[in-house]
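S.K.: Read in numbering that gives the first Met the number 0, the sequence shown has 183 at position 184, and its numbers run on one by one without any break.
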Amino acid sequence: MESDLRQWLLIIGPLLVLGVVLHGYYRMRVGRNELKMNLDKSFLNRENMSQEDAERWSNSTEFPNGGARVIKNHIVEQEFREADYYPDSREEEISLEHKPLKEAEEITDFVILNIFVNSKRIEGQELLEFLMENDMSYGEMEIFHKLDSQNEILFSLANAIEPGTFDLSDIGESEIPGVTLFMKIDCANQAEVIFEGMLELARKLAEKFSAQIFDGTRSALTQQTIGHIRQNIREIKFKEMA
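1) At the level of alpha carbons, what is the spacing between Glu151 and Met135?
2) Please give the ranges of any beta strand (DSSP E) in the region 147-233, keeping only runs that are unbroken, at least 3 residues long and fully inside the region.
3) Residue range of the beta strand (DSSP E) that Ile111 falls in?
4) Who pairs with Phe143 in a beta bridge, going by DSSP?
5) With distances taken Cα to Cα, identify the nearest neighbour of Gly177 among Phe165, Asp185, Glu191 and Lys183.
6) Just checking, does the region 186-202 make contact with the region 158-172 on the three C-beta pairs under 8 Å criterion?
7) Return the bridge partner residues of Ile121 from the DSSP annotation.
8) Evaluate contact between the region 107-120 and the region 205-213, counting only Cβ atoms and requiring at least three cross-stretch pairs below 8 Å.
9) Buried or exposed: where does Ser218 fall if 16 or more other Cβ atoms within 10 Å of its Cβ makes it buried?
10) Can you grab the Cα-Cα spacing for the pair Gln124 / Leu167, in whole Å?
11) Judging by CA-CA distance, which residue of Leu153, Phe129, Ile114 and Asp108 is the nearest neighbour of Gly196?
12) Here's the rule: buried if 16 or more other CB atoms are within 10 angstroms of the residue's CB, otherwise exposed. What is Phe79?
13) State buried or exposed for Val110, treating a residue as buried only when at least 16 other CB atoms are found within 10 Å of its CB.
14) Let me know if Met240 comes out buried or exposed under the rule of 16 or more other beta-carbons within 10 Å of its beta-carbon.
15) Mind reading off the beta-carbon distance from Asn113 to Thr221? Whole number of angstroms is fine, and I expect it under 8 Å.
16) On a Cα-Cα basis, can you pick out the residue from Gly138, Arg233, Ile193 and Asn231 that is closest to Asp147?
17) Please determine, among Phe181, Arg229, Asn188 and Ile184, the residue with the shortest C-alpha to C-alpha distance to Gln149.
18) How would you label Lys238, buried or exposed, when you count the other beta carbons within 10 angstroms and need 16 or more for buried?
19) Could you check the C-alpha separation between Glu132 and Ile235 for me, to the nearest Å?
20) For Phe129, which residues of its own chain have a beta-carbon under 7 Å away from its beta-carbon, when the five flanking residues on both sides are left out?
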């Protein structure tokens, strides 16, 4: 299982991480819709949901995804193609296409954490219940978000495998190898406080599902790395405010 996990982490390497995060955030900025309603907790007892009901919960678009690090202003103009995540799964080709960002638009900084299970995958229904218990709301980009009292997004959680979304019509039947938490650093928000909340949820996920938290070097997240992330947040906010 450890070799499977290492192969997974190598496949989603830094280039793919950067491309998906920046492309997803660009799409969110140019085509942002209002955040959809919170997921009704009565859904947790439904094993099957009709297509019509599923459409009410979802809002199609792309998502940010990646590995744990602070990403500083980059431009994406690449096309990525990757093969299987697991050696024992059926062979298929996965591709992500990225169109150039018009007029070299710069992307705001992110902090991103990946959580991967050590052995068996996460049951979709169990993950859904956990997220609801921890006040995560399903909505924009077909992923989950932590919201403040004004329904503004603090941080988000996506499926760690492409395309990163969660389909609520069959989430009870799905098995997930990992999830991605990400937040945008904004000098107008309390980025340090938001990061601590995101880190707390990552630790809860790791404990609940016997998983590990990984940083941008595909190594287990350490206290030293956490300290570096906190310092980077302070430095980025200082530069933006200068």
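No residue lacks a Cβ here, since even glycine has one placed at the ideal position from N, Cα and C.
M.R.: Concretely, from the data shown:
1) Position 152 of the sequence shown holds residue 151. Position 136 of the sequence shown holds residue 135. Between Glu151 and Met135, the C-alpha separation is close to 12 Å.
2) Fully enclosed beta strand (DSSP E) runs of 3 or longer: 152-158, 177-183 and 210-213.
3) Against the sequence shown, residue 111 aligns to sequence position 112. DSSP places Ile111 inside the beta strand (DSSP E), whose first and last residues are Phe109 to Val116.
4) Residue mapping note: residue 143 aligns to position 144 of the sequence shown, counting from 1. Paired residues: Tyr137 and Leu156.
5) Working through the sequence shown from its first residue, we reach residue 177 at position 178. Ranking Phe165, Asp185, Glu191 and Lys183 by CA distance to the CA of Gly177 puts Phe165 first.
6) Because the criterion of three Cβ pairs below 8 Å is not met, the region 186-202 and the region 158-172 do not touch.
7) In the sequence shown, the residue the question calls residue 121 occupies position 122. DSSP output for Ile121 lists Ile175 as bridge partner(s).
8) Contact between the region 107-120 and the region 205-213 is present, because at least three Cβ pairs lie under 8 Å.
9) Locating residue 218 in the sequence shown gives position 219, where the first residue counts as 1. Answer is exposed; the Cβ neighbour count stays below 16.
10) Indexing the sequence shown from 1 puts residue 124 at position 125. Indexing the sequence shown from 1 puts residue 167 at position 168. When rounded, the distance between both Cα atoms is 9 Å.
11) Within the sequence shown, the letter at position 197 stands for residue 196. The option with the nearest alpha carbon to Gly196 is Leu153.
12) Translated into positions along the sequence shown, residue 79 becomes position 80. Only weak support is given to the placement of Phe79: the predicted model assigns it a pLDDT of 35, under 50, and the question is left unresolved by the model.
13) For the purposes of this step, residue 110 is taken as residue 111 along the sequence shown, with counting starting at 1. Taking all protein chains in view, the Cβ of Val110 is crowded by 16 or more other Cβ atoms within 10 Å, so the residue is classified as buried.
14) Taking the first residue of the sequence shown as position 1, residue 240 is located at position 241. By the neighbour-count criterion, in which a residue is buried when 16 or more other Cβ atoms sit within 10 angstroms of its Cβ, Met240 is exposed.
15) The residue you call residue 113 lines up with position 114 of the sequence shown. The residue you call residue 221 lines up with position 222 of the sequence shown. Contact between Asn113 and Thr221 is ruled out by a C-beta separation of about 14 Å, above the 8 Å threshold.
16) Reading the sequence shown from its first residue, position 148 is the one you call residue 147. Check the Cα spacing between Asp147 and each of Gly138, Arg233, Ile193 and Asn231: the tightest is with Ile193.
17) Looking up residue 149 in the sequence shown gives position 150. That would be Asn188, whose Cα lies nearest to the Cα of Gln149.
18) Position 239 of the sequence shown holds residue 238. With fewer than 16 Cβ atoms within 10 Å of its Cβ, Lys238 is classed as exposed.
19) Here residue 132 corresponds to residue number 133 of the sequence shown, with the count starting at 1. Here residue 235 corresponds to residue number 236 of the sequence shown, with the count starting at 1. Their Cα atoms are separated by approximately 32 Å.
20) Sequence index remark: in the sequence shown, residue 129 carries index 130 (1-based). In chain order, Lys207 place their CB closer than 7 Å to the CB of Phe129, counting only its own chain and leaving out the 5 sequence neighbours on each side.
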